[in-house]
Amino acid sequence: MNDFIDVSETFELGRTVNMGETVLDVQHMQVSFRTEQGTVRAVDDVSFDLRRGEVLSIVGESGSGKSVSAMTLMGLTRSSNAAIGGTATLADGTELISAGDDQLRRIRGARISMIFQDPMSALTPVYRVGAQIAEQILAHEKVSRAAARARAVDLLKRVGIPRAEERARAFPHQFSGGMRQRVMIAMALSCSPEILIADEPTTALDVTIQAQILGEIETLRKETGVAVLLITHDLGVVAQVANRVIVMYAGQVVEEADLRPLFKDPMHPYTWGLLGSVPRVDRDPPERLPTISGSPPSLLNPPAGCHFNTRCPHRIPICDTKPELRIADPAGGHPDRCHLDLSVKRTARLVDGAIGLPSTAGKVHS
Amino acid sequence: MTTPPTTRLPSSRTRSASAERATGTGEQADAPLLELEHLRVWFPVRAGAFGRATGDVRAVDDVTLTLHSGETLGLVGESGCGKTTLARCIVRLNEATGGTMRFRGEDLTRKRNRALRSFRRQVQMVFQDPQGSLNPRRRVSQIVGAGLRLRRGTPGGNKYSVADLLVQVGLDPGHAQRYPHEFSGGQRQRIGIARALAAQPQLIILDEPVSALDVSVQAQVVNLLDDLQDELGLSYVFVAHDLSVVRHVSDRIAVMYLGKIVELAAADRLYAQPKHPYTATLLAAIPIPDPDRARHDKTTIAQGELPSPINPPSGCRFHTRCRFASDICREIEPPLAEFPDGHLAACHHPLNISDAELAGAIRSAASPLDAGAELTLSRAVPSE
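Sequences listed follow chains A and B, in order. Residue numbers 24 to 389, in this note's numbering, belong to the letters of the first sequence in order. Residue numbers 117 to 500, in this note's numbering, belong to the letters of the second sequence in order.
So, in structure tokens, the structure goes:
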């Protein structure tokens, strides 16, 4: 019988990649959808790389393009009204955006796998969970049905499902939300992928279960060296598990940094706003929660210039022109998309001693 | 689309100010606004071809609570702990199967239909999903106007118009003729709040009102609720699974586990010194957005999951997941211990406790009827 440790060893042997090596290189990804109202530019020139053994987190609000970016990597946004551009290259040179459907089918589940927010709708309600995991193994590898079943049970054990033999014969509805998400993780890992995309994997779970699942992802990353692309809106989750962070707003990357600099030396006003508006249990509560005024712009018709300029209290005239991603602090800084000068940023981001956005009192935008 | 102004009246509210209001002048001074005594909501589980009842889901099992006028009570716990059932029971969307409920001193537990009309005007609800709780085929003016019609002919019934209410919740009154789908999630939740305000309620039950919203918008809605409470003297019951948001709005917080209240205390006390291990676990599980402080201490994270409320564990219901559990926890359901500062906790081995508190604790009258007759408190010792 093939236990999980063997699986990860095969992974080590089968693919000779080193820790820190780039496993995915995304350049100038563009995704737009034609709709009756016009063209929605969901992802607007996004570039990043993902390295082996790291957790890269994409943070943003709904509509920022974070999920569309991830789904495009898997070929899940292909449709007759979608226009997709740019490149996404795996370590061996395979390019995902121009890849044919057959080629993608061999990659999906085997080399890149995905965990979704809602495990109930991602699992088939009419098949037993063990069979669903085995099916994925059989689709990608030449092993016997019995061996695939046995590996499914081992995977379920590995992700902390008690009485795995018995539970493998259960249906998804017989599992709790947290257990279902563990099943999804087991399935995602079944073919030892190089890349695991987790799209809001804990958003639907209680905090106690969320902590367990995040711990599980962390352990697996350490043990298998899988590169994790974690999509979330929750900066608490990011601080918990990520190594590097990309902040997206209205389809664009507005800031990219290693974990600590993002939280300690954030450069983009939107990042300040996000950091400020998270209620903190580890601090005395302020009288009023800091907010970002307004709501994210429509991607049908985003504001000219900086997309954040309608909500930004630090707006200056130059913000009407489009800012490029640039490194504001030449002494070891990280890229962000904001026109403000470094010295202005470092003072403007402090509101009552903490990072945030001052309220735009009296300013009503339309 | 107009973005609502985020700053409104200068907020002068402090925690103590709202506490003063609770004991202020007027009729509410004597009776609390809402009193629940040993309230129980059990749902029968049916099985077999004849639908015989084979057991009960004890969603809310012997809950005793009081809410004062002008106060916000937070109700937190994991999914399945009964917090939403309790909230729905307060607005009478579920019927209680046991216990009593009094609103401004009047026993409403057995009242039905017409007898509840005046009560229903005074208690309104705001739901989690702003999309699902607004009729997609009605215009905003109709949705909000329904509450106003309810009020017509009663004293002060014509005080507001739809436009007033929309302004009050930070929406553009010019959008009254639009449909719900033309608004963003945060704006829809504001419509839900305007609808609740239309009936001029005393008490609003907020069931996860910001859980479906993005963080930046979440904060806007929380601030709005805070302002409305100041302006209108409302009382809230704020149901949430998110402990960090609840803290910002609540004066007191009740933590529920498997249908029971396990801890009830002033918000700042609960966060500073949680006494029930379950509360401590919930707090420890919140990811802190600071990389220097974020990595969890694994020992404080609750293992396992919520047991079935059909066949809850004996004794203390948390003992299956508690690292301080001892023999007594498996046998005797802990009564609510009331500590000198009014902090309530249903635990045999409370945390963060001084000798004086240990000596000064008394068995609270709010304890469940099946709980142990004596307080048997001793210090927590972690077991491996």
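From the three backbone atoms N, C-alpha and C, an ideal C-beta is built for every residue, glycine too. Treat the numbers as computed from the prediction; the structure is a model and nothing was measured.
Residue environment: B/Ile259 is assigned as buried (16 or more neighbouring CB atoms within 10 Å of its CB, all protein chains considered).
Within chain B, the residues placing a beta-carbon under 8 Å from that of A/Ser300 are Val331, Ser332, Gln334 and Ala335, ordered along the chain. Using a C-beta cut-off of 8 Å, the stretch 121-137 of chain A makes contact with the stretch 153-164 of chain A, since at least three inter-stretch Cβ pairs fall below that distance. For the C-beta of B/Asp342, the chain A residues within less than 8 Å are, from N- to C-terminus, Arg311. Residue B/His459 holds the alpha-carbon nearest to the alpha-carbon of B/Ser480 among B/Asn468, B/His459, B/Ile469 and B/Val497. If you look at B/Gly171, you'll find it isn't in any alpha helix (DSSP H); it sits in the beta strand (DSSP E) that goes Arg168 to Leu183. In the three-state reduction of the DSSP assignment, B/Ile320 falls in the strand class. For B/Val176, no chain A residue has a C-beta closer than 9 Å to its own C-beta; the minimum C-beta separation is roughly 18 Å.
Between the stretch 430-439 of chain B and the stretch 338-352 of chain A there are fewer than three C-beta pairs closer than 8 Å, too few to call the two in contact.
Assigned with DSSP and collapsed to three states, B/Ile369 falls in strand. One thing to note: B/Ala314 has its Cβ no nearer than 8 Å to the Cβ of B/Leu348. When secondary structure is reduced to three states using DSSP, A/Ser136 falls in the strand class. Per DSSP, A/Tyr293 is one residue of the alpha helix (DSSP H) stretching across Pro292 to Ser300.
Here B/Asn251 is exposed: its Cβ has fewer than 16 other Cβ atoms, across all protein chains shown, within 10 Å.
Among the residues facing chain A, B/His357 is included, as its CB has a counterpart in that chain under 8 Å away.
Residues of the same chain with a CB within less than 7 Å of the CB of A/Leu322, apart from the 5 flanking positions on each side, are Val63, Arg64, Ala65, Gly86, Ala273 and Gly274 in chain order. Just so you know, the alpha carbons of B/Gly248 and B/Val242 end up roughly 11 Å apart. Restricting attention to B/Phe299, B/Ser430 and B/Thr395, the CA atom closest to the CA of B/Ala487 is found in B/Ser430. Within the same chain, and ignoring the five residues on either side of B/Leu281 in sequence, the residues whose Cβ sits closer than 7 Å to its Cβ are Val260, Ala310, Leu313 and Ala314. Setting aside the 5 residues that flank it on each side, B/Pro484 is surrounded in the same chain by Asp178, each with a C-beta closer than 6 Å to its C-beta; the list follows chain order. Linking A/Asp281 to B/Ser300 through their CA atoms gives a straight-line distance of about 32 Å. Ranking A/Ala122, A/Met202, A/Leu179 and A/Lys368 by CA distance to the CA of A/Asp288 puts A/Lys368 first.
Going by beta carbons, B/Arg368 and B/Ala356 fall outside the 8 Å limit.
Contact with chain A is absent for B/Ile426, since none of that chain's Cβ atoms lies less than 8 Å from the residue's Cβ. With a threshold of 8 Å between beta carbons, A/Leu258 makes contact with chain B.
Taking C-beta atoms as the reference points, A/Leu237 and A/Val270 fail to come closer than 8 Å. The beta carbon of B/Pro405 falls within 8 Å of a beta carbon belonging to chain A, placing the residue at that interface.
For the 8 Å CB-CB criterion, A/Glu239 and A/Ile220 do not form a contact. At least one CB atom of chain B sits nearer than 8 Å to the CB of A/Ala234.
The stretch 392-406 of chain B makes contact with the stretch 216-235 of chain A; the number of CB pairs closer than 8 Å reaches 3 or more. Counting every other CB atom within 10 Å of its CB across the protein chains shown gives A/Glu189 a total below 16, marking it as exposed. Scanning B/Ala381, B/Tyr394 and B/Leu359 for the CA closest to the CA of B/Leu374 turns up B/Tyr394.
Bounds of the beta strand (DSSP E) holding A/His51 are Thr45 to Thr58. With respect to the 8 Å criterion, A/Val46 and A/Ala106 are not classified as neighbours on the basis of their beta carbons.
By the Cβ criterion, the stretch 165-175 of chain A is not in contact with the stretch 141-150 of chain A, since fewer than three pairs of Cβ atoms, one from each stretch, lie closer than 8 Å. Taking 8 Å as the cut-off, the Cβ atoms of A/Gly379 and A/Gly317 do not count as close.
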